[in-house]
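Chemist: Got a structure here, written out as structure tokens. Questions coming.
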Amino acid sequence: MAIAYYKAYQISQETVPLSSRTSSLLGELPPVHYSAVATNASVLSPLPPSPTSSSGRLLCWVLTSPQTLWTRAKHIVNTWGPRCDTLLFMSSKQDLLFPGTVLALATEEGRANLYNKTMAAFNLLHDGYLDKADWFLKADDDTYVIVENLRLLLSRFSPDKPVYLGRRFRRFVHQGYMSGGAGYVLSRESVRRYVRALHHGTCTQSTSAEDLLLGFCLQKLGVPAGDSRDHQHRETFHPLWLGKLLCTEDILPKWFNQYNYYPSKVGPDCCSNSSVSFHYVEPVRMYMLDYFLYHLSPVGGHSPKLGETREE
């Protein structure tokens, strides 16, 4: 089973982002003018696990399917998922036996319906959870999220102002858009604006590139794409598995450098010490990451306190 997962993920990592096949629909978009989002340039460092934070209430929703609910999404329940204040799984079918909350969307499965599922999910979140959360994180069922680091990042922003965050890609949308696989976060105000636009018939065209279409829509609505990098300009959201980013550039997919909004790096500088997410994480690696982050420490070492990193 592990070998099969590995082969499947190796193939998917080489796949060009779906957005490259959608450029003919959108073309080059005109610039949108908006006020810069104020950020704090203080050092990013891991927060201790805590359900309370100055960042506000975090709702995490995972895009999954009946076919992968038990083979992928289940492992999120066993690892990073419960560290969110609210954890939801969006599928086309409900599963009462699943050890987590599965919400059934009135959509079909398949890549061609990814944006339809995204629209349906945000409509549901708006109607049922807008007053219960400040931030809304979307993740795939093969995304691993370090929730404490996400909370720290979000503490630099206000949920009452429009902003969305993630791994910023630069093609097709003037201000850039966030990679779907690495996960993206919308403030409460951004969700409000987006769903209002859907109700008015805006942003309802659909293709398989859900992340691109969402970014295109948010740009039209004046929701700025925030900078989620740390104070050393290192990325925190990662659209690939950590192993590919740490090794030489030769094994990176060809699209990687073409799509990144900011200059990309490989090796130890590929990733912030307070990284938030990794994509293409097979189940075995989810447990490995969880163990390394929350249980393992070197002899004589110590867990970092708030405001320091492991190097200090």
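Everything in the sequence shown is counted per my numbering, starting at -18 for the first residue and increasing by one. Cβ atoms here follow ideal geometry from the backbone N, Cα and C, with glycine treated the same way. Note that the structure is predicted; figures quoted are calculated from it, not measured.
1) Run through DSSP, which three-state label would residue 163 get?
2) How many angstroms separate the CA atom of residue 170 from the CA atom of residue 280?
3) To the nearest angstrom, how far is it from the Cα of residue 111 to the Cα of residue 260?
4) In the structure shown, what three-state DSSP assignment does residue 25 receive?
5) Using a beta-carbon distance below 8 Å, is residue 116 in contact with chain B?
6) Check whether the Cβ atoms of residue 264 and residue 53 lie closer than 8 Å to each other.
7) Classify residue 272: buried if its beta carbon has 16 or more other beta carbons within 10 angstroms, exposed otherwise.
8) Using the three-state DSSP reduction, which class does residue 99 fall into: helix, strand or coil?
9) For residue 183, is the classification buried or exposed, using 16 other Cβ atoms within 10 angstroms of its Cβ as the cut-off for buried?
10) Classify residue 59 as helix, strand or coil using the three-state DSSP reduction.
11) Counting along the chain, where does the beta strand (DSSP E) carrying residue 41 start and finish?
12) Please name the residue or residues paired with residue 116 in a DSSP beta bridge.
13) Would you grab the beta carbon distance between residue 67 and residue 119 for me? Rounded to a whole angstrom, and I think it's under 8 Å.
14) Grab the span of the beta strand (DSSP E) containing residue 265 for me, first residue to last.
15) When the distance is taken between beta carbons, is residue 140 closer than 8 Å to residue 115?
16) Helix, strand or coil, according to DSSP, for residue 84 in the structure here?
17) Buried or exposed for residue 98, going by 16 or more other Cβ atoms inside 10 Å?
18) By the three-class DSSP mapping on this structure, what secondary structure does residue 206 have?
19) Quick check: what's the CA-CA separation for residue 130 versus residue 256?
20) As a quick exercise: from 64, 149, 163 and 79, pick the residue whose alpha carbon is nearest that of residue 128.
21) On the three-state DSSP scale, how would you describe residue 147?
22) From the DSSP output, in three-state form, read off residue 226 for me.
23) Rounded to the nearest angstrom, what separates residue 245 and residue 162 at their Cα positions?
24) Report all residues from its chain with a CB closer than 7 Å to the CB of residue 172; omit the five preceding and five following residues, and keep chain order.
25) Which residues does DSSP pair with residue 252 in a beta bridge?
26) Just to confirm my understanding: we take residue 223, look at its own chain, exclude 5 residues before and 5 after, and list those with CB closer than 6 Å. What are they?
27) If you draw a straight line from the C-alpha of residue 145 to the C-alpha of residue 78, how long is it?
Modeler: So, to answer that:
1) coil
2) 46 Å
3) 27 Å
4) In this predicted model, residue 25 has a pLDDT of only 29, less than 50, meaning its place in the structure is not dependable; the value taken from the coordinates is given anyway. Residue 25 falls in the coil class under three-state DSSP.
5) No chain B appears in the structure shown, which is made up of a single protein chain.
6) yes
7) exposed
8) helix
9) exposed
10) coil
11) 39 to 44
12) 39 and 168
13) With a Cβ gap of about 13 Å, residue 67 and residue 119 do not count as contacting.
14) It is not in any beta strand (DSSP E) - residue 265 instead sits in the alpha helix (DSSP H) that spans 264 to 275.
15) yes
16) strand
17) buried
18) strand
19) 7 Å
20) 64
21) strand
22) helix
23) 17 Å
24) 103, 106, 107, 111 and 117
25) 216
26) 259
27) 33 Å
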